[in-house]
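Student: Which chain is which? The protein sequence lines are W and X, in order.
Count the first sequence with our numbering and you get residues 160 to 433, in order.
Count the second sequence with our numbering and you get residues 160 to 433, in order.
Backbone N, C-alpha and C define an ideal beta-carbon position, used for all residues, glycine too.
Nothing here was measured: the structure is a model prediction, and the numbers come from that model.
Have a look at this one before I ask anything.
Number of protein chains: 2
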Amino acid sequence: MVRNGPSLESLSLNQITTENWNLKEAVAGCVKAEISWISLWRHKIQEVGLAESKRIVADSGLQVSSLCRGGMFPASTAEQRQKNLDDNFRAIEEAAELGTDVLVLVCGAAPDRDIDTSRKWVEEGIEQLVPFAESYGVKLGIEPLHPMYAADRSVVVTLDQANTMAEKYNDNQVGVVVDVFHVWWDPDLYNQIVRATGRILGFHVSDWAVPITDTFKARSMMGDGVIEIRRIRKAVEQAGYNGPIEVEIMNQAIWDKPGNDVLSLIKDRYVKHV
Amino acid sequence: MVRNGPSLESLSLNQITTENWNLKEAVAGCVKAEISWISLWRHKIQEVGLAESKRIVADSGLQVSSLCRGGMFPASTAEQRQKNLDDNFRAIEEAAELGTDVLVLVCGAAPDRDIDTSRKWVEEGIEQLVPFAESYGVKLGIEPLHPMYAADRSVVVTLDQANTMAEKYNDNQVGVVVDVFHVWWDPDLYNQIVRATGRILGFHVSDWAVPITDTFKARSMMGDGVIEIRRIRKAVEQAGYNGPIEVEIMNQAIWDKPGNDVLSLIKDRYVKHV
Numbered sequence: 160m161v162r163n164g165p166s167l168e169s170l171s172l173n174q175i176t177t178e179n180w181n182l183k184e185a186v187a188g189c190v191k192a193e194i195s196w197i198s199l200w201r202h203k204i205q206e207v208g209l210a211e212s213k214r215i216v217a218d219s220g221l222q223v224s225s226l227c228r229g230g231m232f233p234a235s236t237a238e239q240r241q242k243n244l245d246d247n248f249r250a251i252e253e254a255a256e257l258g259t260d261v262l263v264l265v266c267g268a269a270p271d272r273d274i275d276t277s278r279k280w281v282e283e284g285i286e287q288l289v290p291f292a293e294s295y296g297v298k299l300g301i302e303p304l305h306p307m308y309a310a311d312r313s314v315v316v317t318l319d320q321a322n323t324m325a326e327k328y329n330d331n332q333v334g335v336v337v338d339v340f341h342v343w344w345d346p347d348l349y350n351q352i353v354r355a356t357g358r359i360l361g362f363h364v365s366d367w368a369v370p371i372t373d374t375f376k377a378r379s380m381m382g383d384g385v386i387e388i389r390r391i392r393k394a395v396e397q398a399g400y401n402g403p404i405e406v407e408i409m410n411q412a413i414w415d416k417p418g419n420d421v422l423s424l425i426k427d428r429y430v431k432h433v
Numbered sequence: 160m161v162r163n164g165p166s167l168e169s170l171s172l173n174q175i176t177t178e179n180w181n182l183k184e185a186v187a188g189c190v191k192a193e194i195s196w197i198s199l200w201r202h203k204i205q206e207v208g209l210a211e212s213k214r215i216v217a218d219s220g221l222q223v224s225s226l227c228r229g230g231m232f233p234a235s236t237a238e239q240r241q242k243n244l245d246d247n248f249r250a251i252e253e254a255a256e257l258g259t260d261v262l263v264l265v266c267g268a269a270p271d272r273d274i275d276t277s278r279k280w281v282e283e284g285i286e287q288l289v290p291f292a293e294s295y296g297v298k299l300g301i302e303p304l305h306p307m308y309a310a311d312r313s314v315v316v317t318l319d320q321a322n323t324m325a326e327k328y329n330d331n332q333v334g335v336v337v338d339v340f341h342v343w344w345d346p347d348l349y350n351q352i353v354r355a356t357g358r359i360l361g362f363h364v365s366d367w368a369v370p371i372t373d374t375f376k377a378r379s380m381m382g383d384g385v386i387e388i389r390r391i392r393k394a395v396e397q398a399g400y401n402g403p404i405e406v407e408i409m410n411q412a413i414w415d416k417p418g419n420d421v422l423s424l425i426k427d428r429y430v431k432h433v
C-alpha cells in the first residue's frame, strides 16, 4: 500500500544534517524530537570511538538506518587503492557493530582524466567487499551521486549504473540507495526505480533550491526547491521500499541553526513534502 | 579520417568566452588571432543591431558557426510560452541573416515542480519551430545541458534525450550540439555520440576543473580540468562531424583577462588538448 503522506515513524535523521552536533547531541536530539531512526557518519563515530558510539545509540533506543559511508575506491596507485579497500573493511565491521545492515557507498571519483578506469576500480572494489560484508550481515548500498560530483566524489552518477552494478550480486548482498537530490533530473528515473525493486536499501530526501550557490553544501530543506519529492517517494514505495527515510542535508545555513529547531522544521516539512 | 590534433582552421570563438568584448572587438580579435570562425550571442547582436552586426561580420571575412541561443520554451502561462516561441522565430531570422545555418537551443527549465510537463513544452516548442526554421535554411541544434542546470536552464540533460527528440525530424531540420562540459560524465556518452551520427550540428569545448566554485561560470580553459576532451573530439569526428569546434567558456577570471591574451591561450590549449 502506498501512503499519501509518509509516517513519521519512518523518519530518520541523517547525522550530516546536524553537522555541528556530536553523536551524543544528535542522539539526544532525536530522542527529544521523537525521531526513532538515525543514520551515522563515521567521522562522528571516530570522535568518541566505536564502543562508546555503540553504547550511546543502544542506550537511546534509536535504530540505525545506515552507516555513511564506504566507497571512495579509485586512486592513482595500487597501494592507495588497497588502503581505501581496507578502510571499507573497517566500515563494514563498524556497521555491523552499530546494528545496521546498510553501508552506503559513495564510490569515488577519477584521480585523473580516465573515468572509465575509475568505474572499473569501483566495480573491482565492490567485488572484493561483498563476501566480507555478507559474512557480517551488511549490505552494500550503491548511491549514485549527482553528475556534478563526477569529478570529485563519484563516477557512479545514474541509477541505471548503480542498478547494473548491483544486479551482478544477490539482493541480500548489494543494492542501491536513492537520494532525491542526486537523481531527480534523470529522464529515466522512474523506470530505474521500478528496475531497482527489491534492491532499494535506502531513500534520502532534501531539496534543490534555485539557484544553488555551493556545490557540496548545495541541498535545501524539503519544500524549498524544485524536486518532486512526494512523487519519487511514492515510486520508491511502489518498488517495495518501506524502510526508513533519511533526511540528509548538507547546508551551512541549516548547520548554523540550533539543532532542535532543525529537527522541528524537518518533521513539519517531512509531513508536508515527503 | 580522424586527426590526432585538431586543425586550427576548425577553431571557432564562442563569443561568450570574451564576454567583456562587444561584437566589433570580438570580430577584430579573431581576425588578429587568425581565428576564422565565430559563434555569436544574441545579447551582443542587440547592442549594435542586426544590420550593423551583419556588416561587421561580413566585412571581417569570418564565418559564423552558430547563433546562441534559442530555446527557453517552458513557462507557467500559455501567454509567456507564446512569447518565448515568438522570440525563437526572431532568433531563426537572425541566424539566417547572419549567415549561419545552426541555431543552438538551450531548452529551458521547469518553472515549478513538474519536470515532465516542461519536457513536453520543449518538444511542442521545437515542433512549432521546425517548418519556419527549415524555410530559412536554419537547423535547430538541441544542446543537452549538464544536469546541474536542470532546475534553471534546461530540462534536456542527456544526449540520449536530445537524440530522441531530434530523431523525430529529418537531419536537415533538427540535430544535437555536443558540449564536453555538459556531457563528459555520462556513462552512455560514446554510444550516444555514435547514435547522433549525421545529426551533430556543433561541438563545444572547455574543461571541468576541480573543484568548481560557481555553477554558471563554472567552466575552465581546456587542459585545466578532468574532461577527456580529445577522446570526445575523436568520437564526434568518427560520427562524421567535421565542422567548426567552438571554445565556449563562461569564467569570470577569463572574462577579466585581456581578450587578445585569452585568444592566444585558447589557440595554445586547443592544439594541446582538443
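#1: Spatial neighbours of residue 422/W within its chain, please: CB distance less than 6 Å, with the 5 preceding and 5 following residues excluded, ordered by chain position.
#2: Quick one: is residue 411/X buried, meaning 16 or more other Cβ sit within 10 Å of its Cβ, or exposed?
#3: Considering Cα atoms alone, identify which of 204/W, 217/W, 234/W, 243/W is closest to residue 227/W.
#4: In its own chain, which residues sit with a C-beta less than 8 Å from the C-beta of residue 190/W, not counting the 5 before and 5 after it?
#5: Within the 7 Å Cβ cut-off, does residue 233/X reach chain A?
#6: Could you tell me the distance, in whole angstroms, from the CA atom of residue 356/X to the CA atom of residue 376/W?
#7: Please compile the residues from chain X whose C-beta is within a distance smaller than 8 Å of the C-beta of residue 320/W.
#8: Determine the DSSP secondary structure at residue 160/W, reduced to helix, strand or coil.
#9: If you drop the 5 nearest sequence neighbours on each side, which residues of the same chain put their C-beta closer than 7 Å to that of residue 415/W?
#10: Decide if residue 236/W is buried, meaning its Cβ has at least 16 other Cβ atoms within 10 Å, or exposed.
#11: Using a C-beta cutoff of 7 Å, does residue 310/X count as contacting chain W?
#12: I'd like to know if the segment 341-354 of chain W and the segment 390-404 of chain W are in contact, where contact means that at least 3 CB-CB pairs between them fall below 8 Å.
#13: Could you name the residues of chain X that residue 391/W contacts, counting a contact when the two beta carbons are closer than 8 Å?
#14: Does any residue of chain X bring its CB to less than 7 Å from the CB of residue 367/W?
#15: Answer yes or no: does any C-beta atom of chain X fall closer than 7 Å to that of residue 307/W?
#16: If you draw a straight line from the C-alpha of residue 214/X to the C-alpha of residue 296/X, how long is it?
#17: So, under 8 Å CB-CB, residue 174/W and residue 244/W are touching, yes? Tell me the CB distance rounded to an integer number of Å.
#18: Closer than 8 Å is the cut-off here; do at least three beta carbon pairs connect the segment 297-308 of chain W with the segment 258-266 of chain W?
#19: Go ahead and label residue 160/X buried or exposed: buried means 16 or more other beta carbons lie within 10 angstroms of its beta carbon, across all protein chains shown.
#20: Suppose you measure from the CA of residue 277/X to the CA of residue 367/X; what does that come to, to the nearest Å?
#21: Please check if any C-beta of chain W sits within less than 7 Å of the C-beta of residue 223/X.
#22: Skipping 5 residues on each side, what residues in its chain have a beta carbon closer than 6 Å to that of residue 225/X?
#23: Comparing C-alpha positions only, which one of 270/W, 426/W, 431/W sits nearest to residue 194/W?
#24: Looking at residue 181/X: is its Cβ nearer than 7 Å to the Cβ of residue 211/X?
#25: Whole-angstrom Cβ separation of residue 311/X and residue 370/W, contact assumed at under 8 Å?
#26: Helix or strand or just coil, what does DSSP make of residue 137/W?
#27: 7 Å is my cut-off, CB to CB: does residue 385/W come that close to chain X?
#28: Cβ of residue 303/W less than 7 Å from any chain X Cβ?
#29: Going straight from the alpha carbon of residue 256/W to that of residue 241/W, what length do you get?
Tutor: Considering the structure as presented:
#1: Numbered from its first residue, the first sequence carries residue 422/W at position 263. 188, 192, listed in sequence order.
#2: Against the second sequence, residue 411/X aligns to sequence position 252. Exposed, since its Cβ has fewer than 16 Cβ neighbours within 10 Å.
#3: By 1-based counting over the first sequence, the position of residue 227/W is 68. Nearest option by C-alpha distance: 204/W.
#4: As a working note, residue 190/W is residue 31 in the first sequence. Hits under 8 Å: 219, 220, 221.
#5: The displayed structure is made up of protein chains W and X, and chain A is not among them.
#6: The residue given as residue 356/X occupies position 197 in the second sequence. The residue given as residue 376/W occupies position 217 in the first sequence. Those two C-alpha atoms are separated by around 39 Å.
#7: Here residue 320/W refers to the residue found at position 161 of the first sequence. Taking a Cβ-Cβ threshold of 8 Å, the residues of chain X close to residue 320/W are 346, in chain order.
#8: Walking along the first sequence from the start, residue 160/W turns up at place 1. Residue placement at residue 160/W is poorly supported in this model, since its pLDDT is 45, which falls under 50; the coordinates still yield a value, given next. Residue 160/W: coil per DSSP, three-state reduction.
#9: For the purposes of this step, residue 415/W is taken as residue 256 along the first sequence, with counting starting at 1. Nothing meets the Cβ criterion.
#10: Taking the first sequence and counting its residues from 1, one reaches residue 236/W at position 77. Residue 236/W comes out exposed.
#11: On the second sequence, position 151 is the one that residue 310/X refers to. By this cut-off, residue 310/X is an interface position.
#12: Flag = yes, the segment 341-354 of chain W and the segment 390-404 of chain W touch.
#13: Within the first sequence, residue 391/W is the residue found at index 232, counting from 1. Within chain X, no residue comes near residue 391/W; the closest Cβ sits about 11 Å away, beyond 8 Å.
#14: For the purposes of this step, residue 367/W is identified with residue 208 of the first sequence, where counting begins at 1. Chain X, which has a Cβ nearer than 7 Å to the Cβ of residue 367/W, makes this yes.
#15: Position 148 of the first sequence holds residue 307/W. Using a Cβ-Cβ cut-off of 7 Å, residue 307/W counts as an interface residue toward chain X, since at least one Cβ of chain X sits closer than that to its own.
#16: To locate residue 214/X, count along the second sequence from 1; it is residue 55. To locate residue 296/X, count along the second sequence from 1; it is residue 137. Going from the Cα of residue 214/X to the Cα of residue 296/X covers about 20 Å.
#17: Stepping through the first sequence from its first residue, residue 174/W is reached at position 15. Stepping through the first sequence from its first residue, residue 244/W is reached at position 85. With 8 Å as the limit, residue 174/W and residue 244/W do not qualify as a contact, their Cβ atoms being about 24 Å apart.
#18: Here the segment 297-308 of chain W makes contact with the segment 258-266 of chain W; the two share three or more CB pairs at distances below 8 Å.
#19: Taking the second sequence and counting its residues from 1, the one referred to as residue 160/X is at position 1. Any reading at residue 160/X must be qualified, since the residue scores a pLDDT of 45, below 50, and its modelled position is unreliable; the value itself is stated next. Exposed, because fewer than 16 other Cβ atoms sit within 10 Å of the Cβ of residue 160/X.
#20: The sequence position of residue 277/X within the second sequence is 118, counting from 1. The sequence position of residue 367/X within the second sequence is 208, counting from 1. Between residue 277/X and residue 367/X, the C-alpha separation is close to 28 Å.
#21: The residue you call residue 223/X lines up with position 64 of the second sequence. Output row for residue 223/X: interface = no.
#22: As a first step, residue 225/X must be located in the second sequence, where it is residue number 66. Closer than 6 Å at the Cβ level, and outside the excluded window around residue 225/X, lie 198, 259, 261, 263, 361.
#23: By 1-based counting over the first sequence, the position of residue 194/W is 35. When each option's Cα is compared against that of residue 194/W, the closest is 426/W.
#24: For the purposes of this step, residue 181/X is identified with residue 22 of the second sequence, where counting begins at 1. For the purposes of this step, residue 211/X is identified with residue 52 of the second sequence, where counting begins at 1. No, the Cβ-Cβ distance between residue 181/X and residue 211/X is not below 7 Å.
#25: Here residue 311/X refers to the residue found at position 152 of the second sequence. Here residue 370/W refers to the residue found at position 211 of the first sequence. Taking 8 Å as the upper bound for CB-CB distance, residue 311/X and residue 370/W are in contact here, some 6 Å apart.
#26: Past the boundaries of the shown model lies residue 137/W; chain W is included only from 160 to 433, so the question cannot be answered.
#27: Within the first sequence, numbered from 1, the residue matching residue 385/W stands at position 226. Taking Cβ atoms only, chain X reaches closer than 7 Å to residue 385/W, which makes this a yes.
#28: Sequence index remark: in the first sequence, residue 303/W carries index 144 (1-based). It does not; no Cβ of chain X falls within 7 Å.
#29: Translated into positions along the first sequence, residue 256/W becomes position 97. Translated into positions along the first sequence, residue 241/W becomes position 82. Straight-line spacing of the CA atoms in residue 256/W and residue 241/W works out to 23 Å.
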